Structures are given as C-alpha cells and as structure tokens.
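Enquirer:
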Amino acid sequence: MPPATRAERFRQLTRPARVAGIVGWASFLAAALATMLCFAFVDPQALGVGDPPSWWGPRMRMYAIGFFFFWFVGAMAAGLAWLLAHPTRRR
Amino acid sequence: MHGAHETTVPVPLYEAHRKVYPREVTGRFARLRTLSVWVLLGIFYLLPWLSWDGRQAVLFDLPARKFFILGLVFWPQDFIFLTGLLIIAALSLFFFTAVAGRLWCGYACPQTVWTETFLWMERFVEGDRSARLKLDRGPWNANKLARKAFKQVLWVTFALWTGFTFVGFFTPIRVLAQEVVAFNAGSWETFWIFFYGFATYGNAGYLREQVCKYMCPYARFQGAMFDKDTLVITYDQERGEPRGSRKRGTDPRSRGLGDCVDCTMCVQVCPTGIDIRKGLQIECIACAACIDVCDEVMDKVQSPRGLIRYTTQHALDHKPTHLVRPRVLIYAALLGVLITGWITAVALRSPVSLDVIRDRNSLFRLTDDGYVDNVYTVRILNKTEHERDFVIEAAGASPLTLVSAEHVYRVPSGAVYSVPLRVRRAAYDPLGAETIRITVRAVDDPAIHKTTDARFLAPAR
Numbered sequence: 208m209p210p211a212t213r214a215e216r217f218r219q220l221t222r223p224a225r226v227a228g229i230v231g232w233a234s235f236l237a238a239a240l241a242t243m244l245c246f247a248f249v250d251p252q253a254l255g256v257g258d259p260p261s262w263w264g265p266r267m268r269m270y271a272i273g274f275f276f277f278w279f280v281g282a283m284a285a286g287l288a289w290l291l292a293h294p295t296r297r298r
Numbered sequence: 124m125h126g127a128h129e130t131t132v133p134v135p136l137y138e139a140h141r142k143v144y145p146r147e148v149t150g151r152f153a154r155l156r157t158l159s160v161w162v163l164l165g166i167f168y169l170l171p172w173l174s175w176d177g178r179q180a181v182l183f184d185l186p187a188r189k190f191f192i193l194g195l196v197f198w199p200q201d202f203i204f205l206t207g208l209l210i211i212a213a214l215s216l217f218f219f220t221a222v223a224g225r226l227w228c229g230y231a232c233p234q235t236v237w238t239e240t241f242l243w244m245e246r247f248v249e250g251d252r253s254a255r256l257k258l259d260r261g262p263w264n265a266n267k268l269a270r271k272a273f274k275q276v277l278w279v280t281f282a283l284w285t286g287f288t289f290v291g292f293f294t295p296i297r298v299l300a301q302e303v304v305a306f307n308a309g310s311w312e313t314f315w316i317f318f319y320g321f322a323t324y325g326n327a328g329y330l331r332e333q334v335c336k337y338m339c340p341y342a343r344f345q346g347a348m349f350d351k352d353t354l355v356i357t358y359d360q361e362r363g364e365p366r367g368s369r370k371r372g373t374d375p376r377s378r379g380l381g382d383c384v385d386c387t388m389c390v391q392v393c394p395t396g397i398d399i400r401k402g403l404q405i406e407c408i409a410c411a412a413c414i415d416v417c418d419e420v421m422d423k424v425q426s427p428r429g430l431i432r433y434t435t436q437h438a439l440d441h442k443p444t445h446l447v448r449p450r451v452l453i454y455a456a457l458l459g460v461l462i463t464g465w466i467t468a469v470a471l472r473s474p475v476s477l478d479v480i481r482d483r484n485s486l487f488r489l490t491d492d493g494y495v496d497n498v499y500t501v502r503i504l505n506k507t508e509h510e511r512d513f514v515i516e517a518a519g520a521s522p523l524t525l526v527s528a529e530h531v532y533r534v535p536s537g538a539v540y541s542v543p544l545r546v547r548r549a550a551y552d553p554l555g556a557e558t559i560r561i562t563v564r565a566v567d568d569p570a571i572h573k574t575t576d577a578r579f580l581a582p583a584r
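Listed in order, the protein sequences are those of chains A and B.
Counting with the numbering used here, you get residues 208 to 298 for the letters of the first sequence.
Counting with the numbering used here, you get residues 124 to 584 for the letters of the second sequence.
1. Counting only runs that start and end within the segment 489 to 572 of chain B, where is the beta strand (DSSP E) found for 3 or more residues in a row?
2. Cα separation between Trp-172 of chain B and Pro-543 of chain B?
3. Residues of chain A with a CB under 8 Å from the CB of Phe-86 of chain B: which are they?
4. Would you be able to state if there are at least three C-beta pairs under 8 Å between the segment 300 to 310 of chain B and the segment 329 to 345 of chain B?
5. Using only the alpha-carbon positions, how far apart do Leu-477 of chain B and Asp-201 of chain B sit?
6. Under a Cβ-count criterion, where at least 16 other Cβ atoms within 10 Å of its own Cβ denotes burial, should Glu-249 of chain B be classed as buried or exposed?
7. For the putative contact between Val-514 of chain B and Val-531 of chain B, defined by C-beta atoms under 8 Å, what is the C-beta separation to the nearest angstrom?
8. Listed in chain order, which residues of the segment 226 to 240 of chain B have Cβ atoms closer than 9 Å to some Cβ of chain A?
9. My understanding is that Ala-520 of chain B touches Pro-553 of chain B, with C-beta atoms under 8 Å, so please give their C-beta distance in whole angstroms.
10. Is the beta carbon of Tyr-499 of chain B sitting closer than 8 Å to the one on Val-546 of chain B?
11. Determine, using beta carbons only, whether Trp-289 of chain A comes closer than 8 Å to chain B.
12. Can we say the segment 270 to 283 of chain A touches the segment 233 to 253 of chain A, given the rule of at least three CB pairs closer than 8 Å?
13. For a cutoff of 8 Å on Cβ pairs, would you count Leu-403 of chain B as touching chain A?
14. Check whether the Cβ atoms of Glu-245 of chain B and Arg-156 of chain B sit closer than 8 Å, and answer yes or no.
15. Quick one: list the residues of chain A neighbouring Ser-338 of chain B, beta-carbon separation under 7 Å, in chain order.
16. Just how far apart, CA to CA, sit Ala-269 of chain B and Val-226 of chain A?
17. What residues in the segment 162 to 193 of chain B bring their beta carbon closer than 7 Å to a beta carbon of chain A?
18. Can you tell me whether Ala-583 of chain B is helix, strand or coil according to DSSP?
19. By Cβ distance below 6 Å, which residues in the same chain neighbour Phe-277 of chain A in space, the five residues on each side in sequence not counted?
20. Pull up the DSSP beta-bridge partners for Ile-399 of chain B, would you.
21. Among B:Val-392, B:Val-236, B:Lys-401 and B:Pro-365, which has the Cα closest to the Cα of Val-384 of chain B?
22. Tell me, please, whether the CB atom of Trp-465 of chain B is closer than 8 Å to any CB atom in chain A?
23. Quick one: grab the DSSP three-state call for Ala-322 of chain B.
24. Roughly how many angstroms lie between the CA atoms of Phe-235 of chain A and Leu-489 of chain B, to the nearest whole one?
25. Among the residues of its own chain, which have a CB less than 7 Å from the CB of Val-420 of chain B, if the five just before and after it don't count?
26. Give the list of continuous alpha helix (DSSP H) stretches no shorter than 4 residues that lie fully inside the segment 174 to 258 of chain B.
27. With a threshold of 7 Å on Cβ separation, who are the neighbours of Trp-175 of chain B within its own chain once the five nearest residues in sequence on each side are excluded?
28. Scan the segment 269 to 288 of chain A for residues whose Cβ lies nearer than 9 Å to a Cβ of chain B and list them as they occur along the chain.
29. Do you know whose CA, among B:Val-424, B:Pro-375, B:Pro-569 and B:Pro-582, lies nearest Arg-548 of chain B's CA?
30. Does DSSP classify Ile-272 of chain A as helix, strand or coil?
31. Buried or exposed: Asp-567 of chain B, going by 16 or more other Cβ atoms within 10 Å of its Cβ?
32. Starting from Ala-577 of chain B, follow its DSSP beta bridges and name the residues at the other end.
33. Would Pro-199 of chain B count as contacting chain A if we go by Cβ distances under 8 Å?
34. Does the distance from the C-beta atom of Asp-251 of chain B to that of Arg-146 of chain B stay below 8 Å?
35. Keeping to the same chain, check which residues put their C-beta closer than 6 Å to that of Lys-336 of chain B; ignore five residues upstream and five downstream.
36. How would you write the range of the beta strand (DSSP E) that Trp-478 of chain B sits in, first residue to last?
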C-alpha cells in the first residue's frame, strides 16, 4: 500500500466531520468530569450574596447549563489545540 | 519501477469503514462473557428497583445533592470518597491490564456488554453470519423488510428501556415509571431517557468496534501497561506456520505445514474484524472469541488446543514468565492500601459535621463581673437520614460556660444549621488565650458526635 501523501493526510485530518467528531467527543469527556467536580463543591442554590440573576433556576437546570458551558469551553480548547497543532496551510 | 513515485495513488489515511459481521462462537470464554453480560446487565437493570429502609437502595439524587448507596448516604462534603473510588477503579484497571491485558474490554466494558446483547437480538432476527451477509447483500424484499423492521423494534425497545433505567438511577424509578406510563415525565427526564437510549442504540447497534478503535481513550494508552509478562491473546506463529489447508488425517509436518489450517474462523468471529495471526494489534479487545473457535477447529482436526491462546511474549520466546513482578506487586500494594483506607474512612465517617468560625468583629469582650466572652458561628450539618436534636459542649483548660438562648438545636436531615455561640470563661484564670474543643452531640444517640478545635482569646494580663 503506498503511503498517503502529506497533503492527503492533511486533507483527511481536516475533514469537517472528523474534526467535529474528535473535538466534540474529547470536550464531552472533559465537560462530564468538570461538571462533576464543579457541582460537588458548588451548590447552585447557595451561591453568592444578594439576588441571583433572573435566568437562574433550580439545581437541575443549573447543572445542565453548567454542563453545556463546560462542553463549550472544552470544545474551544480542543478546537484551538487542533488548529495550533497543524502547520499553516501553504499554497 | 522508477516511475512508481510519480504515479503514487493517494490512499486515505483512514480506511473506509466496513461492517463487521461477527460469527457466533461457543466455548469457555464465550460462556464467561455471557455470564458477565448477565451479571452486569442484571445489576444495572435490577438495582434501581431495590429498596432499602423505605427508599430506593441506589439513588444518585442530584436535585437533593445526596447519593444513596445501600445503607450509606453521601453528601457533597463526602466528595473525597467518590474521588477515592475513581482512583481505586483506575488503579484496578492498571492492575488487571498489567496481569492479563484488556480483560476490561473483553468482558466488562459497557460497550462490549451492550454490543453483545444487540448482537444477540440481531442473530435472533437475522440469523448467523452467513445469513446476515446474504440478507444485507440481497434485494429489499418483504422478508428483508420484515426482519429489519423487527430488529429495529427490538433494538429501540431495549435502548429506551436502558435509557429509562439509567435515568432511574438519578430520579426515583418507581415514580418515574408511573410518570412515563402516564406520559407526563419531566422534560429533563424525558430528554435524558432519549439521550441515553439513543447513545445505547447508536453505540451498540451501529458504532460497535469503532467506539473501541476511534473513541476510547483507554484503548490508546493501555499498551503502556503491557510488558513481556502480560497475558495476551496470541496466535502461536511457530506452531501454526506455514498455514494451509490439508486433507483430513494427513500429517501436516510431512507436507511441511504448521498446525493452522487457514480456515479463517478466527477472522470471522472477531468483533473488530482483525486477523489475530498478524500479531497483537491495537484493535484487539481481548474478547477471546478466536481462542474458542480455534480450539474447536483444533479438536476437529485432532491437533492439540491452544494454537491461539492466552500467553505471554516471554513464553513465546521460550523464556520464563513472571506473573508476579515489581509492576504487578506495586499496583497490588497500592490497591490494597487504597481499598483498606477507603473502607476504614467510610466506616469512621462522622454522620454530623461541624464548622466553628470565630466572630471577625471582636477578638473578645470583657464583662463587668470578671468574665471574658468569645463569639463564634457554629454550623452543624446533619448527615443522617432523620431530623435530630443536637447539643453543643465546650471544653478547655478551665471551666467554660455557653451563653445562648437555646440549648437544643433541631436540625433536619441534610440541613445546615447556623447558630451564634457565646463562650464565657473567667477572664484571668488562666491568663491568656487557649485552644478549646467544641463538640456537637446528638441527643438521642451520643455516639453521633463531632469535635473541632477553636481558638479562645483572652487578655494576657
């Protein structure tokens, strides 16, 4: 089997679906861990002083929002890592 | 040959996915896996229905922030125990990997276990490997449509039941069952039932070995735990090669052949679609299906079993194998210490917790009649499952008095009770500050208590 060329390898790795899959999955795992750690120590019902913001809700909603927040941040980090790990494309 | 470089054909880095049709296998290891599937899934599906002391035996009550596991209740303050449990789990994974490779993957991983059950359903409806291959290649006739539809019904039902059970670990399952039957389950419960159901359906029905090959982090690093004394599933190249078919009853050696009859059964049963005869590969999840099927073939051709077997690199190299070696001993010792420590810590865990915080506004206050007062905020957390009455005691080098309105504090289960506490002592006897011990004790059960140290400040002279 002839080896894949550099350009071909780059094309394969940059396929949007593959990148989205890897970034999404890695950040999902990280978000699951972060959510667990975070809400083990922080009770969303007992936060801060004064009135909570208007969108603040019951615990289950805050857990879910927290999870999606961590997923988003994790995806940003994973996506950035992927971007920086690859050389700039030259024409 | 020189022109070959210019005409290099780009080959995809990742080969296109080809569906694997594992052949059914029977034998020692298949029985072991079937047993494992029944035990593990039995625990998963039945556990939430068990009751303990009038409540669900195992319930991770996220809205109430407490976990019930049989007789134990864990609060957020007990998070350290969960961390300990995860570390123990990771270390056991290392230990078993070092001893016998990917045991976890082959017998206990939810991916393996659920894939196995989905395969059973597929086999039940569509038949064994050859029948499934034929059905998939054939045209979409009534038979194919009926079988595929029936399989989907089984898969979807099982997946939804799995999602329902999963959510039943987080919300009381009996209540959830009534809500689901009446179609009025909460939006989050409904979402998670479908989410987990869909994940089961997709992972066990379609992704299967691709989860192990592309998604699983453990599959990527498990090789680091392997050494030449690790038991791995290996094809005995020396004995098997050169492979080839032969007539029944002929002596392979006289024809210059090894023991492998090249029946390709080991390839057909492999759930990840690899050829074990090419050596140990990252895709191998150590399910031992190839051992079972090869043993069967060896029996038929009257050769000794074990052409494919659990063995070590050292054994294959005709060197002594050391199952007990530093790596294994270190893992085992760490594991032993952690497990003992964890059990002891959980057993000695106090069912009440106590925080004593000094009043920040004043160091102390002298009274007219020769006493000194220190003010603290005492926070009592009742971690038992019942409402309880507590009393507070303080002890120091000299007699201390507690000056406060109530003397008995009623704390509901799981609640934190904050109370200001004024501790009084003779101002000059002894002179200066001291460390006092503040104890909170349940009225009905003096064994439930917790003591903490606090600094008592007083004038030095």
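Where a beta carbon is used, it is the ideal one built from N, C-alpha and C, also for glycine.
Fair warning: this is a prediction, and the values are worked out from it, not measured in the lab.
Expert: So, to answer that:
1. 494 to 505, 511 to 518, 524 to 526, 532 to 534, 539 to 549 and 557 to 565
2. 44 Å
3. With chain B represented from 124 up to 584, any question about residue 86 of chain B goes unanswered, as that position is not in the structure.
4. no
5. 14 Å
6. buried
7. 6 Å
8. none
9. 6 Å
10. yes
11. no
12. yes
13. no
14. no
15. According to the sequence provided, residue 338 of chain B is Met. The question's Ser does not apply to it. Trp-232, listed in chain order.
16. 37 Å
17. Leu-185, Pro-186 and Arg-188
18. coil
19. Ala-238, Ala-241 and Thr-242
20. Ile-399 of chain B pairs with nothing; no bridge assigned.
21. B:Pro-365
22. no
23. helix
24. 59 Å
25. Val-384, Cys-386 and Met-388
26. 202 to 223 and 233 to 249
27. Leu-193 and Gly-194
28. Tyr-270 and Ala-271
29. B:Pro-582
30. helix
31. exposed
32. B:Ile-559
33. yes
34. yes
35. Glu-406
36. According to the sequence shown, residue 478 of chain B is Asp rather than Trp. Note, Asp-478 of chain B: beta strand (DSSP E), 475 to 481.
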